[in-house]
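There are 2 protein chains.
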Amino acid sequence: MGTANGDGATDRDAVREVLEKARAEGRESLTAPEGRRVCEAYGIPTPGEGLAGSAEEAVTLAAELGGPVAMKIVSPDILHKTEAGGVLVDVRGEQAVAQAYEQIVAGARAHDAAAEITGVQVQQMLSGGHEVIIGATTDPTFGKVVVFGLGGVLVEVLKDVTFRLAPVSGGEAISMLDDIAAAEVLKGARGAEPVDRDALAGLIRRLSKLVTDFPQIREFDLNPVFATPGGACAADVRILLEPDEVPEPQRYSQEEILRVMNRLMRPSAVAVVGASAEEGKIGNSVMKNLITGGFAGKIYPINPKADEILGLKAYHSVDEVPGDIDVAVFAVPAKFVPAAVAEVGRNDVPVAVLIPSGFAETGNVALQEEVVATAREHNVRLLGPNIYGYYYTPQNLCATFCTPYDVKGGIALTSQSGGIGMAILGFARTTKMGVSAIVGLGNKSDVDEDDLLTFFESDDDTTCVAMHLEDLKDGRAFFEAARRITRKKPVIVLKAGRTSMGARAASSHTGALAGDDKIYDDILRQSGVVRAPGLAEMLEYARGLPVLPTPKGENVVIITGAGGSGVLLSDACVDNGLTLMEIPPDLDESFRRFIPPFGAAGNPIDITGGEPPATYEATIRLGLEDPRIHALIIGYWHTIVTPPMVFAELTARVVEEARANGINKPVVASLAGDTEVEQASDHLFDHGIVAHPYTTEKPVAVLGAKYRWARSAGLV
Amino acid sequence: MGTANGDGATDRDAVREVLEKARAEGRESLTAPEGRRVCEAYGIPTPGEGLAGSAEEAVTLAAELGGPVAMKIVSPDILHKTEAGGVLVDVRGEQAVAQAYEQIVAGARAHDAAAEITGVQVQQMLSGGHEVIIGATTDPTFGKVVVFGLGGVLVEVLKDVTFRLAPVSGGEAISMLDDIAAAEVLKGARGAEPVDRDALAGLIRRLSKLVTDFPQIREFDLNPVFATPGGACAADVRILLEPDEVPEPQRYSQEEILRVMNRLMRPSAVAVVGASAEEGKIGNSVMKNLITGGFAGKIYPINPKADEILGLKAYHSVDEVPGDIDVAVFAVPAKFVPAAVAEVGRNDVPVAVLIPSGFAETGNVALQEEVVATAREHNVRLLGPNIYGYYYTPQNLCATFCTPYDVKGGIALTSQSGGIGMAILGFARTTKMGVSAIVGLGNKSDVDEDDLLTFFESDDDTTCVAMHLEDLKDGRAFFEAARRITRKKPVIVLKAGRTSMGARAASSHTGALAGDDKIYDDILRQSGVVRAPGLAEMLEYARGLPVLPTPKGENVVIITGAGGSGVLLSDACVDNGLTLMEIPPDLDESFRRFIPPFGAAGNPIDITGGEPPATYEATIRLGLEDPRIHALIIGYWHTIVTPPMVFAELTARVVEEARANGINKPVVASLAGDTEVEQASDHLFDHGIVAHPYTTEKPVAVLGAKYRWARSAGLV
């Protein structure tokens, strides 16, 4: 069945020739022999076959192919082969092949005595092993994606498939085999021999390379592929072509992006186009926030009718401003935006922040297009329109009509929707979340998530990114930026519209296998992003991830004062893909020294409810100091013996001592008790321990998100 | 294939005879012919078969059976039929049957010339349709349960099965067919003809009746059952028997339970055994809480050394107490409990609340057993041991060492774990949750969830119940109590230990199909209980469900000021099984009258962000007044035009006006904005609207939980 490791030689010219012929003939699909030729050119195994002109030739061919064969009449005059008795399957053995040849030819003659008979096609019959589906399709967001799944009911009914952006690496191809629910089947469930995983993965790689090399291939189905212990072979090939050239989206180099983003985020001078002295106007709020937020650079209010606004000299137009401007924040009605964009462009302002609404979101698509065209013409990049503005705390920059925010920290948040932006602000304020940036993206007429990721990747003040998004303008650009930054910093994504499953006109099997969201889900994971299931989770991950050190291994230990919390924390560990460490006997013995005889060592370590602070302290310290343990989950139970704040203070102290000694392990805590546990949780959070009252799930989910990122970045 | 609607006549005597014979012979399994006879007696179709003594008889039999047959040698001397060439399958046609007969007999003779040959068994071969598995097993918690699933990889690898408590009704049996992930397959996916669902459901019912009638049947596998458009037939039957009699758990009648529970919850007199004047002692805390909690009945402190405690006359023993005692709350060390239980029993106290720990939870099982035996002997029911006590607010009763709680309301909460009980108390206090009862169950040596459910069912002060539990002592008693109460009041269950999957010694296929949790999950749902995925959800459902009116239909409408929230709220609706109403044109038109032209009617109804309070008010009022709408989800976006409290007050007012006019629809709200949305959410909650800041998921999840309950109670 050939080597199919994905690295073999490829014959691009052969594929190009087939595709050009089809296009020259105005076809959007390839014939079966053409599909076969394309597969061969990229080393994708298909069943052996040949044409026999006699019974003897048929016997020889069948022997070469080995195993049972299918035999079919080949005649330009016989269209319906089966009706002519021209198809026999599962033919085994010399005698049977010879007989079948004669029978087929006789049948054809009986059907049409005048028919010209070219011969009989003899084709290797595949069977045994498992039928799988491997395909590629062209996604409107991500471009070429490959899909893998088992056949039959698993794909048809359960949609048990997995997607990856093409091309895939060897590791990614292997991960596809493991990513379906029925993965066990291929590993040899029920005592069967496992299939050749390398052969299957190689086939996926080759297909992904093929559609990447030839973007004019719209869809490519190998269905079924027979996966056996000895190899993988595509029994049926179906290829559809793009009727037209596909335009490439506008892209910028990393350098170009960084040049503009650095001026946006760390400006020396900001102009406010439409600045106003009038209370209640957006142009007034923006001015106030820039000033009271503490921005140290120059602020140029632009207003044709004012000479001074909020104590600052105002300019009648951007043209009048004496120095360079890094950012122009717009607070003028939509209709004035195109001319103002042209004006800032003429003055070499590299980026305009378009707060105004009244564009595509209200149906005024033409106005937005006019703005985008004007901006491109004048080399101005656009943030928005239809946004609340943006914050960048390292520069004390609050270029927004919302209220200032000043709790500095490592998390950068972005939102496509203004409502979600407001929720981010409120949540951040109430939890005192340390923030580097909050950015509204709104209509995303130009600057989008990949521009921001490129900046945040380079930004030492940002240690973690959280993004709310409803769609991606350019999924591939996002993927590439995300894959780079997630090697270094966690990126959390709340992808809204998960369930809309937009009605996709899917012309092929592969295309119809999943709604948009499955593709988003798989490819976001492939990019290394941690996906949050909802808004509340996105916010909690954003708050918690920068607080937690990166775990250095998978061994998680639960230490709990409440057996009941221990059970729920264990459930949460399983739900979040965490591994409860099997405690080695010596470590078990060490823990036992600190806990009552009826307490339970093992994992969870149940220190029991009536214990004094010293027991929490000793066990937590042991958990931190033993190098075989990589992360701690603490379940606290409010008692008179160890009140909440006593617990919080001792835990914070022990963790801080350990960190001072170079022991950096993530520690999270669940606090069960009366209302004092709220203050105790806040105290813990302030000291680098992700702690929550009244829930066993939240702290473990945050730890799970940290682990998901650390694994994708290859750190654990 | 026989009628298999589950209502047909049954022949119990035939089954009894088979089972008695097997038991008499000391067997724990039935032979194939015995299994067949048992199936026949309950109308479970099995393949036709017969014994042929000659080739002619075989031909006649095969013709009667119809279709292909399997043929097997029948000989007392041939144990390994296949080795003797004694098995042929898929034999079709007169000639082939006759030949097969001769071949089998010849093969047998060649194998063992001296073998006595009884004849050849001719059995109908089933094929076509779908192979399914139907079985019954004996669960340690729930007793007889039935299972259903499709065969092959779906069961083996994906564990796509569903369980029900036996016996099942017709509706429950049908629900099993729909409850597996691959349900579509049976409905005729890929253009196939659907199977005979009634026949399959009937087979499930009959099997469930059989194992209910004969509890000595431990396991019963029908695997595979062939499900076709024309019927259902069990191709293979496997029955295992209980080696010993199974003892019935201790059960009380509803009347007995209510008599004791009413005295526990609404006592006229409470004795505190181990009452203490000494600060810091549990017997002191309990006394204080009873007094400061405002309990209006008599309180009898019992202490051998005191004459007065906290201003109340104390008694040296229970014997000295002049009047009747309804409850004795114990605050003495564990070792004194047995004697004290005997003492309260002698004084006709019907129930003892055992706060002390030091029993089974610390390994002291013997002491606990002694207490239980003593209590049973003296006709005393026990709550605990190892609990924080209990609260019942309608009686201002705080019989606990924790702090008093006085926010009265309809929700009763119970917990198996003390830690979780403390989390309940803290959460309740911080959210001002209206509570009727909080009860600790601890070691559950006697009183357990079904006793409490029976009381709460009858208690007009309780409108909703939430229970944390790790196991059920008697799953069937719980099921029956839960099924009764959930017809009237929602019951929320947090089942901890979901993922432990305890190592079950499963001797049969059916038994091995799922971990404990899958059985819990299916049977809790069957009982009408709403299962909470975690502690935080249990608490939010408990807080929210009593606040929301019961929906009268499935039409849910989202009204939102933020498009971004609308998308996330829609996702949450799908996640929580809610149906977004398709808005009829006239209603769409009505909504459009209130919103800007670029706003989106449809559902979500996006009124857009810049709208004044009047737009929220008009659209919410319309949503409440139109009788085709059954529930509202509101997405609020904080703006200067409509600040949070303005929104909260207008929404509360509109909803209250509607309720005054008899319009009772559940309304939930998600508030996105700066920190003022927290106060606004509280205001809404206080006015019967489940509202949460910074999350789109929580309010929808609470509405979803209300719907789940309402559907199970047949109210929607």
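From first to last, the protein sequence lines stand for chains C and R. Per this note's numbering, residue 1 is the first one in the first sequence, and the count goes up by one each step. Per this note's numbering, residue 717 is the first one in the second sequence, and the count goes up by one each step. All residues carry an ideal CB built from backbone N, CA and C; glycine is no exception. Fair warning: this is a prediction, and the values are worked out from it, not measured in the lab.
Item, Value
"Beta strand (DSSP E) runs wholly inside the stretch 970-1032 of chain R, at least 3 long, in chain order", "985-989 and 1014-1018"
"Chain R contact for E28 (chain C) (CB, 9 Å cutoff)", "no"
"Integer-rounded CB distance, given that V836 (chain R) should sit under 8 Å from V821 (chain R)", "7 Å"
"Residues that G690 (chain R) bridges to, as DSSP identifies them", "Residue 690 (chain R) lies beyond the residue range present for chain R, which begins at 717 and ends at 1432; the question has no answer from this structure."
"Residues that A898 (chain R) contacts on chain C, provided the C-beta gap is smaller than 7 Å", "V153, V157 and L158"
"Cutoff 9 Å: D213 (chain C) Cβ touching any chain R Cβ", "no"
"Residue-chain proximity (I257 (chain C), chain R), Cβ-Cβ < 9 Å", "no"
"Cutoff 9 Å: C1114 (chain R) Cβ touching any chain C Cβ", "no"
"Min CB distance T1146 (chain R) to chain C below 9 Å", "yes"
"Through-space distance from C233 (chain C) to H80 (chain C), alpha-carbon basis", "27 Å"
"S721 (chain C) and F226 (chain C) closer than 9 Å at C-beta", "Outside the shown range of chain C (1 to 716) lies residue 721 (chain C), about which nothing can therefore be said."
"Below-9 Å beta-carbon distance, G50 (chain C) vs any chain R residue", "no"
"Cross-chain neighbours of K209 (chain C) in chain R, by beta carbon under 9 Å", "Ordered by position in chain R, no residue passes the 9 Å Cβ test against K209 (chain C), which lies about 30 Å from the chain."
"Where the alpha helix (DSSP H) through L1303 (chain R) begins and ends", "P1301 to R1308"
"Spatial neighbours of E678 (chain C) in its chain, beta-carbon cut-off 7 Å, leaving aside the 5 residues before and after", "P693"
"Inter-residue Cα distance where the pair is V365 (chain C) and A1368 (chain R)", "38 Å"
"C-beta neighbour in chain R for D178 (chain C), strict 9 Å", "no"
"Short CB-CB distance (under 9 Å) between L472 (chain C) and chain R", "no"
"DSSP three-state assignment for K159 (chain C), whether helix, strand or coil", "coil"
"Three-pair Cβ contact test at 8 Å for the stretch 544-557 of chain C versus the stretch 696-709 of chain C", "yes"
"Unbroken stretches of the alpha helix (DSSP H), 4 residues or longer, contained in the stretch 586-653 of chain C", "613-625"
"Where K444 (chain C) meets chain R, residues with beta-carbon distance less than 7 Å", "The contacting residues do not exist; K444 (chain C) stays about 13 Å from chain R at best."
"Assumed close pair D451 (chain C), I257 (chain C) - CB separation to whole angstroms, cut-off 8 Å", "5 Å"
"Assumed close pair G1213 (chain R), G1282 (chain R) - CB separation to whole angstroms, cut-off 8 Å", "The pair is not a contact, with the Cβ atoms about 38 Å apart (cut-off 8 Å)."
"Residue interval of the beta strand (DSSP E) (run including Y817 (chain R))", "Unbroken run through Y817 (chain R) is the alpha helix (DSSP H), E810 to H827; no beta strand (DSSP E)."
"Contiguous alpha helix (DSSP H) assignments of at least 4 residues, all confined to the stretch 21-89 of chain C", "32-41 and 55-65"
"Within 9 Å, strictly: CB atoms of S1174 (chain R) and Y1108 (chain R)", "no"
"The stretch 193-211 of chain C touching the stretch 168-181 of chain C, judged by at least three CB pairs closer than 8 Å", "yes"
"Three-pair Cβ contact test at 8 Å for the stretch 377-389 of chain C versus the stretch 340-355 of chain C", "yes"
"Residues of the stretch 554-586 of chain C whose Cβ lies closer than 9 Å to any Cβ of chain R, in chain order", "T560, G561, A562, G563, G564, S565, G566, V567, L568, S570, D571, A572, C573, V574 and D575"
"Which residues DSSP lists as bridging M422 (chain C), in chain order", "According to DSSP, which records beta bridges pairwise, M422 (chain C) is partnered with nothing at all."
"Buried versus exposed call for A1012 (chain R) [16 or more other C-beta atoms within 10 Å across all chains shown]", "exposed"
"Neighbouring residues, chain C, relative to I1136 (chain R) (Cβ below 8 Å)", "A562, G564, S565, L568 and A672"
"Contiguous alpha helix (DSSP H) assignments of at least 4 residues, all confined to the stretch 921-956 of chain R", "none"
"is_contact[P301 (chain C), chain R] using C-beta, thresh 9 Å", "no"
"Near-chain R residues of the stretch 673-702 of chain C (beta-carbon distance less than 7 Å), N- to C-terminal order", "G673, D674, T675, V677, E678, P693, Y694, T695, T696, E697 and K698"
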